[in-house]
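Residue numbers (full-length UniProt numbering): 1 to 293. Scroll down for the structure; my scribbles are underneath it.
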Amino acid sequence: MSAIRPGDALHRLRKEAPLVHNITNYVAMNPMANILLAAGCSPAMVHAPEEAAEFAAIASALTVNIGTLSRPWLEAMLSAAEAARAHQRPWVLDPVAAGATRFRREAAARLLELQPTVIRGNASEILALGASAEVQAATEVKGRGVDSNNPVAAAAAVSVALAKRHNAVVAVTGPTDWVTDGRRAANIGNGHPLMPRVTALGCSLTGIIGGFLGAGCDPYEGTLAALAYYGAAGEWAAQDERWAVQGPGSFAVAFVDALALMSADQLERTARIESMARADPTGTQPAGTQKAE
């Protein structure tokens, strides 16, 4: 069992109510803001190049999502990440479809140079980052984005190498989540099959990670807590009769309620975090239920 206490981390997030600065895609802005509010954060969707750096300097944490990428937005992302690093603010990189085009590969590589605290992506995105960074064990990948066919296990070795190279926590999300800081690693088995059927839930998870980091949690332990909290809320929303979920639409509403209503004690009871003896992706990984990637 992991020594992490995700319930304590959730209590801290709600006590601190961190201001999370998000430069995210058009599709994710509204659901991400509502999800962050439900969790107890204060979200800000600030992407203008003229103010991104100034805002990142005062926020508790920054998240950067390259889903709807353009040159002005990339300028804002780079300046915000530089400001976050200069002011010692944690920031999270979500390299959506990082291997799909040359523009995305180059943008992701430039952002990696600015030392994100956490990198969160699905298997194909992490593999693409590894390939662009010439990380050992990475192969040529043309990432399809959020609906990747690559299993988490295929990206685990690359994630360890990325974590060591960039001094970052890397979270590979999929049927079972894998998190590593290059020395430690853990699997998170929480989640529900309805989660990837709602658009922007994966992008919003990046915001939740930013919230835990902005509340002062250790990057590795905060990421574990964020993923367990998110997945456990998905399970509760889908399975509890009070919400009478019928499909993706009703689930999306119930999920926001579950995030808001989940107590620290409930998270402590339901989190499924399994720590590895070492960051060895070749070991046996427990099966988990699918969640938003």
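Beta carbons are placed, not taken as given, at the ideal position from N, Cα and C, and that holds for glycine. If you're wondering where the values come from, they're calculated on a predicted model, not measured in any experiment.
On a Cα-Cα basis, can you pick out the residue from the options that is closest to residue i?
i      : options                       : result
Ala31  : Arg85, Glu125, Gly207, Ala128 : In the sequence on display, residue 31 carries Pro and not Ala. Selected option, being the one with the closest Cα: Gly207.
Ile273 : Glu125, Asn190, Pro196        : Asn190
Val169 : Thr176, Ala156, Pro175        : Ala156
Thr24  : Ala80, Ala38, Glu54           : Ala80
Trp91  : Val179, His47, Gly211, Tyr26  : Gly211
Leu10  : Ala76, Ala254, Gly216         : Gly216
Leu261 : Ala39, Pro6, Arg120, Ala154   : Ala39
Arg242 : Ser263, Ala254, Ala56         : Ala254
Asn65  : Gly121, Leu114, Pro18, Arg89  : Gly121
Gly67  : Ala153, Glu268, Leu201        : Leu201
Ala52  : Ser42, Val27, Glu82           : Glu82
Gly174 : Leu69, Val158, His192, Leu111 : His192
Leu114 : Gly222, Ala225, Leu74, Ala131 : Leu74
Give the DSSP-derived three-state secondary structure of residue i in the structure shown.
i      : result
Pro219 : helix
Trp243 : coil
Phe251 : helix
Met45  : strand
Ser263 : coil
Ala233 : helix
Leu129 : helix
Thr63  : strand
Gly121 : strand
Ala38  : helix
Does the distance between the C-beta of residue i and the nearest non-hydrogen atom of the ligand SAH fall short of 8 Å?
i      : result
Gly211 : Summarising the ligand content, the structure contains no ligands, and the ligand SAH is consequently not present.
Distance check for residue j and residue i, CA to CA, integer angstroms please.
i      : j      : result
Leu13  : Tyr230 : 13 Å
Val141 : Gly99  : Low confidence applies here, because Val141 scores a pLDDT of 45, under 50, leaving its location unreliable and the question unanswered by this model.
Ala109 : Leu129 : 7 Å
Asn167 : Ile35  : 28 Å
Gln246 : Cys203 : 23 Å
Val256 : Ala163 : 31 Å
Ala233 : Ala107 : 33 Å
Arg85  : Ser60  : 12 Å
Thr117 : Lys15  : 22 Å
Leu78  : Leu111 : 6 Å
Gly249 : Leu37  : 19 Å
Am I right that residue i and residue j are in contact with their C-beta atoms under 8 Å? What's the rounded C-beta distance?
i      : j      : result
Leu205 : Ala238 : With a Cβ gap of about 16 Å, Leu205 and Ala238 do not count as contacting.
Val96  : Thr63  : Their Cβ separation, rounded to whole angstroms, is 12 Å, which puts Val96 and Thr63 out of contact at 8 Å.
Ala279 : Arg184 : 6 Å
Gly7   : Leu259 : That pair is no contact at about 14 Å.
Ala161 : Ser275 : With 8 Å as the limit, Ala161 and Ser275 do not qualify as a contact, their Cβ atoms being about 20 Å apart.
If I measure Cβ to Cβ from residue i and keep anything under 6 Å in the same chain, skipping five residues before and after, which residues do I get?
i      : result
Pro72  : Pro49
Ile188 : Asp177, Leu227, Ala228, Ile273
Ser159 : Ile126, Val170, Val172, Thr180
By Cβ distance below 7 Å, which residues in the same chain neighbour residue i in space, the five residues on each side in sequence not counted?
i     : result
Met29 : Met45
Ala57 : Ala83, His87
Leu69 : Phe103, Arg104, Ala107
Whose C-beta lies closer than 8 Å to the C-beta of residue i among residues of the same chain, with five residues either side of it excluded?
i     : result
Val27 : Gly67, Thr68, Thr199, Ala200, Cys203
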